[in-house]
Structure formats: C-alpha cells, structure tokens
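In this note's numbering, the protein residues as written are 7 to 382.
Using N, Cα and C, we set each Cβ at its ideal position, and we do this for glycine too.
Please read these numbers as outputs of a predicted model, since none were measured by experiment.
These notes concern the structure reproduced below.
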Amino acid sequence: MYAFFILRPVASSIVTVNIDLDAAQDLLEREWERIQSSDKSRYIDDNLVVQKIREVFHANQLTYKYILFTNILAKATNPAIHYRAMQAKSGLDGAYNARSLGHQVIVDWEKSHGERLGGSNEPFLNKPARDPEFALENAARSQSAQERLYNLLERLERKTNAGELDPVNVLREALLAFSELEPQTLDFESVSEVPYDQLHQKLESYLETTGGGERLAAVTAGTMTAHYNMAAPGEFTVKAEHANVPDEFSDDAGDVEIYRSDELVQAFEVKDKPTERSDIQHCHTKAQENELEEYHYLVGDGFKAGERVPALQEAQDGPVELILVYPSDLFSVLKFVGDEGRSTFLDAVGEFLNDMRAKEQNKRDFDNMVAEIRNP
7 MYAFFILRPV ASSIVTVNID LDAAQDLLER EWERIQSSDK SRYIDDNLVV
57 QKIREVFHAN QLTYKYILFT NILAKATNPA IHYRAMQAKS GLDGAYNARS
107 LGHQVIVDWE KSHGERLGGS NEPFLNKPAR DPEFALENAA RSQSAQERLY
157 NLLERLERKT NAGELDPVNV LREALLAFSE LEPQTLDFES VSEVPYDQLH
207 QKLESYLETT GGGERLAAVT AGTMTAHYNM AAPGEFTVKA EHANVPDEFS
257 DDAGDVEIYR SDELVQAFEV KDKPTERSDI QHCHTKAQEN ELEEYHYLVG
307 DGFKAGERVP ALQEAQDGPV ELILVYPSDL FSVLKFVGDE GRSTFLDAVG
357 EFLNDMRAKE QNKRDFDNMV AEIRNP
C-alpha cells in the first residue's frame, strides 16, 4: 500500500525591503554637508568599526569599498535593510537591490566628489557583488579581505539592530573616512585670459610627455569642444574615450567622438606612437562600421620607419576619406576662438582628463600648466 503526500509551498518568511532612492540621495547630500562643516573627528564610539571602515577604504579590493559604502547608506536610509544584502533574492531578512542604489545614487555622487572609491561606473557588475548577499562562502581572491568586510558588516548589523549604534552615525563615520581619502580627480580653476602664444608654448611642452596617450586625446577633445562651442553653441557634444581601451572592450567609433543630438557626425583616432599602415587600415574599418563618410586620424608621433609612404597611400586609396591631422592643426584651431574659446578649451581638457580617469601625473602637470598661464 502506498502513501501519497501532497507537498504545498510554504510561504517564505524572508522580508524583502525597498529603498527610496530619492531619500537616499537627500540623506547622502545632507550628511556630507554636515561632516564637511563639522569639526568632529568621529561619530561612533566603536573603535573597531572606525578602524575597519578605513581599512576597507584603503585596501585594494575596489568592489568591497562600494559594497560597504552602498550598504551603509542603505541601512541609514531604511534600517530594515541588512548590511550584508546585495540582491532582493537574498535569503537574509532585509534583502534589497544594492545595484540600483549603487548605480543610480552612489556612482554619480562619487564622481562629483573626487572618485575617492575608484571611479567605477558599474561597481555591482563586478564578480564580488554578483552574489545575493556578502558571505564567506562566496568566491574571493583575498580571503583575509573578505573576512574583514564580512566581520565588519556582521558587527554593524548586530550592533545597529541592538540599538548600540545609530545607522545614520555609521553613515557619518563612513563619510568622514571617505573625506580623508585622496581625490582621484582634480578641480581645475578656470582662466579668463588665455594669450594664444603662451598657450601654444605651454601645450607643446605638456605634450612632450605622452602620458600613455591620455594627454593628446584630452587636448584633441578639448580643441574640438572649443571649436564647436564657438561655431554652433549647444548643438554638438564631444566625448573622449580613455586612450588605452582595447577595441574589443569598446563600442566607440574613436578616441574622440562628436555628436549632434544623438547622431555621431565625426570621430578621431588619436595615435601618440609612430603610425603604421595597419593603423590607417584600422581607421577605415572603424569608419565603415560606424557609417562615417570621413574619419580623422591624429598623427601624434610621425610614422614608423619605412611606413610613411604605404600609410599615406592607404589613406588615399581607402574606401573612406581619411583626414590626417597633426598637433599643429589643433594649435591652429585655437588661434581663432579668442580668449573665451581658449578658456573653454582649458576647462574641457581638465574635464576630459578627469572623466577618462587619467594618470595622476597627467592631471597634475596640466593643473600646473594652467596655473602658469593664470599667473605668468
């Protein structure tokens, strides 16, 4: 005789929590202003938490920094959230979608405050943040770093739920620790009077160091910004890709792109190394892929030995009109935009260096160059 049992689904007792992103944004801005205007050196009495927050922020595990910062803001916004939760499908009470908060609030806020955590555009797409919750069973490159963050999050969860720590004070302590980190972006001060001859001389000196291609790419993008702002204010947008992003990881048409509304109208490949024929062939391919009738190639360091003639022939014979541009052409553009245009150029180069997360030395040298123009 057989016995049959009907298995009925048991309602889950796990509590999933939503977070008000606008409230989180307001709280973040308000508490940042508070710690910026305060002389307080700490906001919580737990020495271990104070120490471990800073250890995580100063360590090499970039994603862990975002997990900690995001979940501290989440808990301060809605105390029902669990400090270790990362996805709504987590088995923890207080599960929520950390990626939404990270992408829609944290990323933009951090970019406007010096990219002190690392300037990631999508931190919750990185492998350590793809699990439903932060747990010791998750894959990790550094077990000690994983244990440090896990123990910190557990301690915060336990002590805030017990009323021993205020989640908002934890946020304030995290913001204080954030403020102590070195900004990865620079605030470039504008210059109102920019004599062409002085700018030309300073730019030539600045570009003598390639800086991994970042300098020339930023200067090219800045020149195009000054040109189009003068020719048709508000009609065009200039974008610059980091100079060393491999094509397989980029969908961009070039290192520098110009858009009218959402339509790509012009693109530049910026080459800071000697040019070869294969570079020109590559540009023709990029132009065709992006349906451009012409393409600009910036020859930043001449031609490789024996490659000048075949490269020029390739440029002439290719399926798309390829226009070779030289740094001197960029300098010539800056002759015709006046002080206002050259001031726009300097502002734009600074922004592009920050946006492409250029090397610190490239940004510092540019900042020094601008300071010399401001105070000759």
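As DSSP reads the structure, Q367 sits in no beta bridge. By the neighbour-count criterion, in which a residue is buried when 16 or more other Cβ atoms sit within 10 angstroms of its Cβ, S334 is exposed. Where E269 is concerned, the enclosing beta strand (DSSP E) starts and stops at E269 to K277.
Under the 8 Å Cβ criterion, the segment 66-84 counts as touching the segment 29-41, having at least three qualifying pairs. Under the DSSP assignment, A246 falls in the beta strand (DSSP E) whose first and last residues are F242 to A246. For R60, the enclosing alpha helix (DSSP H) covers residues N53 to H64.
C-alpha of T243 to C-alpha of V326: approximately 23 Å in a straight line. If you draw a 10 Å sphere on the C-beta of E300, you find fewer than 16 other C-beta atoms in it, and that means exposed.
Under the three-state reduction of DSSP output, F309 falls in the strand class. Fully contained in the segment 107-173 are the following alpha helix (DSSP H) runs of length 4 or more, in chain order: 113-117 and 149-167. In terms of Cβ geometry, N368 and R221 form a close pair [threshold 8 Å]. In the DSSP assignment, R266 falls outside any alpha helix (DSSP H) and within the unbroken beta strand (DSSP E) covering V262 to R266. It is roughly 19 Å from the alpha-carbon of R314 to the alpha-carbon of F274. When the beta-carbon positions are compared, L205 and R363 stay at least 8 Å from each other. Non-local C-beta neighbours of Y265 in its own chain, meaning closer than 6 Å and more than five positions away in sequence, comprise T243, ordered along the chain. Taking C-beta atoms as the reference points, Y303 and L340 fail to come closer than 8 Å. Restricting attention to D278, F358 and Y72, the CA atom closest to the CA of L159 is found in Y72.
When DSSP states are grouped into helix, strand and coil, V331 belongs to the strand group. Rounded to whole angstroms, the Cβ separation of D345 and V200 is 5 Å, and the two are in contact under 8 Å. Residue environment: E263 is assigned as buried (16 or more neighbouring CB atoms within 10 Å of its CB, all protein chains considered). Under the 10 Å beta carbon count, G108 is surrounded by 16 or more other beta carbons and is classified as buried.
Boundaries of the alpha helix (DSSP H) around H288: R283 to E295.
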